[in-house]
Structures are given as C-alpha cells and as structure tokens.
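Take the sequence shown: its letters are residues -8 to 319, numbered as in the working numbering. Think of the CB as a built atom: it goes at the ideal place given N, C-alpha and C, for glycine as much as any other residue.
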Amino acid sequence: MSIRKRKIKVYFLGSGEFAVPYLDVLANCSSVELVGVGTQPDRPFGRRRQLRPTPVGIFCGSRNMNCERIESVSSDEFYARMLGLQPDLLVVVSFGQILRERILEFPRLGCLNVHSSLLPKYRGASPITSMILGGDKIGGVTFMRMDKGLDTGPIYDVYETELGDHFTTQSLEKYLSEESALMLPELITRIVGGLEPTPQDHSKACVTRKIKKTDGSILWNEDSATVLRKIRAYYPWPGSAFRVPSKGGFSLIKITEAKLAEGSGEPGHSIELGKRWIVACGKGAIEILKVIPEGSREMNAGDYLRGFGGKTEHLENVLDGPPAAGTV
C-alpha cells in the first residue's frame, strides 16, 4: 500500500499548555495514526511538593491516552522506542528538551516544530512575552522543520494575526495555540505531498531571554505604556508587583489588570484614591483595576482600597530596600 494512502504515523512530544490544542487536533485527525505521546516527567509542585503532571500529561489522563514520561530524548532507551514505533513524523510543541541529531534525522519526514512567534523574530524561551513587551501589532506561530540550531530550521508555514492591546501572555498563548492548531492536519498532508520548507533569514533573527522572577518588579519611573505592557506580559508569571508599607514593614501587591489613565505626578505616587486607583508613572499614569494582595486572592482595586489598613499613597519598587515577606 502506498504511504500516501495509509495514515501518517506521528509521535507527539509536548509538555506545556501551548501544546495541548495541537495534540487534541492530532488525536482527532482521520489521516493521522498517533503512535505515541511523550512529555516531561511529573515535577514537584506547591508547598507540599507533590508531583504534578505536565498539561499534556493531564490532558492525556483525561482522555485515557497513554503518555510516556521522557527523562531524556537523548537516551538510548528513547531512540530504541522510536526504532520500534517507526513514526513517519515527530511533532514537537513546547516540549522542553533539546533533540539531538540522531532523533532529528530519524523520522522519514523529519521533526515538525511549532514555535510561538513569527520566526526568525523571537527565537528562544519567551516569544509570547516578548511580543507583548515589544508592543508588536502583528504576531503569530511558525511551523518549521527542526534542525540542530535553536529555532533556526526552515519554515513550512505560519499563522499570522493582529495583536490586540487586551492580550496577556496567558490569553495570547491560548488564542495562538487554539487557532493555529487547526492548520496542522492540512500542513501534514502537504508535507507528505512533498512541501519544501523555506530557509529563515538569519540576519533578521533575535533571541529572547528566559524570564526571571525579578522581572516582575514594577518600575514606576518608566512610561505608563511600558508599565502596562509589562503587566500584561508578566501575567500570570512572574506577576507585576510593588510594595506598600504595612504593620510588618512592607506588603507585596501584584497587579493583574490595569489600563492607561490621564494624569501625572511623582512616579509611584497615587494621584487618585477612592473610586479609582490611579498611579503616576515616569510619563503618564495607569489605573489599577485588579490586584492580588500578599496572602490573599484576586480582588477589584476598589475592594482592596476599602479594606486596606496601610498607606497606599506611594508605591515602592519591589527591588528597592529589604524584601517584603513575599517575593516576586
């Protein structure tokens, strides 16, 4: 039987939330035989350090799908597993391990990677966060054939969309993955039919860095547009935080929603407190809409102001002075 008349054997490697819609589409694709799913091992989570599966592991559990926990894709054990399954194609999405050459070159159709930016822009660890921080008006997802470089492989296709000012990293990740995943079945059919990928223009490449906890400290001397982009970009992690005086010294507050506002004043100074909470930045101001006080749940800014016993006239950077009881 011709390979074009039988189902395409696909092995899926994924871990993060971004990967789940692609796995869902593949599992329901009539032209694909999903021969296996691999994800990162369960990791300790929370104060009790209980083991928790990856989002892909959780999804597979909810669908009674077998999901292999892969300690290392470079191991002889994983290579032997691929030899036994003989997949035509590996699909790799938000997996979290580097694939070596013998795995990259093993499948007949290679390894298809989904990267959450329009390559060669925003290669690396934090493309969606970087899109928001950069104030990009256009964003998207790239489908590429993997090579041994970091997001350097030739491109099969892209999903492109306008980026609204309402997106956070969490909501944009969800939107991009759900919309672009719908392209996957047809793209695989085109690859089987001989679609050749186009090399990237490496002269236009930029590489993102890994986001740190300390990136979430709000710097009030920055202009209001920059502060607002950071609030959206760092939601839900690491969160955008500032400090206010409290009985124990300082309390940490994270902003989960805000918008641009009119006004000016000393950076970090609350220029309106009451029905609205407006804070001056280096240029312009923002209105705080929702917050998570230290040790509490998310609430409207107005509810927080009515119940808070400390002072909120001046908001400090988390990185200034001694740390609060909680850290960013």
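Item, Value
"Tell me, which residues are paired with K250 by DSSP?", "E278"
"Which of helix, strand or coil does DSSP assign to Q191?", "coil"
"Are the beta-carbon atoms of T143 and Q88 separated by less than 8 Å?", "no"
"Quick check on Q77: does DSSP put it in helix, strand or coil?", "coil"
"Which of helix, strand or coil does DSSP assign to I202?", "coil"
"Return the residue from the list P78, L175, S231 that minimises the CA-CA distance to L243.", "S231"
"Report the rounded CA-to-CA distance for P227 versus R(-3), giving the unit in angstroms.", "43 Å"
"Using only the alpha-carbon positions, how far apart do V198 and S117 sit?", "9 Å"
"If distances are taken between C-alpha atoms only, which option among E153, E68, S65, I119 comes closest to A128?", "Checking the displayed sequence, the identity of residue 128 turns out to be Lys instead of Ala. The candidate whose alpha carbon is nearest that of K128 is E153."
"Take the Cβ of L4 as the centre, count every other Cβ of all protein chains shown within 10 Å, and call the residue buried at 16 or more, exposed below.", "buried"
"For R267, tell me which candidate among N19, E170, F36, Y295 has the shortest Cα-Cα distance.", "Y295"
"Does the count of Cβ pairs from the region 33 to 45 and the region 209 to 223 closer than 8 Å reach three?", "no"
"Taking Cβ positions, are V11 and P46 nearer each other than 8 Å?", "yes"
"Reducing DSSP to helix, strand and coil, say where L103 ends up.", "strand"
"Run through DSSP, which three-state label would Q88 get?", "coil"
"Note down the Cα distance separating Q341 from I123, rounded to an integer number of angstroms.", "Only positions -8 to 319 of the chain appear in this structure, which leaves residue 341 out of reach."
"In its own chain, which residues sit with a C-beta less than 6 Å from the C-beta of R322, not counting the 5 before and 5 after it?", "Absent from the structure is residue 322, since the part of the chain shown begins at -8 and ends at 319."
"Between G7, T133, I277, which lies nearest to K112 when the distance is taken from Cα to Cα?", "T133"
"Can Y147 and E170 be called in contact, C-beta distance under 8 Å?", "no"
"Taking the CB atoms as reference points, tell me whether F9 and E164 lie closer together than 8 Å.", "yes"
"Just the C-alpha distance for Y2 and N19, rounded to the nearest angstrom, thanks.", "14 Å"
"Could you round the C-beta distance between K281 and D214 to whole angstroms and report it? I think they count as a contact, below 8 Å.", "Wrong, their Cβ atoms sit about 22 Å apart, outside the cutoff."
"So I(-1) and G29 are supposed to be a Cβ contact under 8 Å. How far apart are they, rounded?", "Not confirmed; about 18 Å, so no contact."
"According to DSSP, is I209 part of a helix, a strand, or is it coil?", "coil"
"Measure the alpha-carbon distance for V270 versus G259 and round it to whole angstroms.", "6 Å"
"In the DSSP assignment, the alpha helix (DSSP H) including Y166 goes from what residue to what residue?", "160 to 171"
"How close, in whole Å, do the beta carbons of V26 and P176 come, if the pair is a contact with beta carbons under 8 Å?", "At roughly 16 Å, the Cβ-Cβ gap does not stay under 8 Å, so V26 and P176 are not in contact."
"According to DSSP, what are the bridge partners of H305?", "H260"
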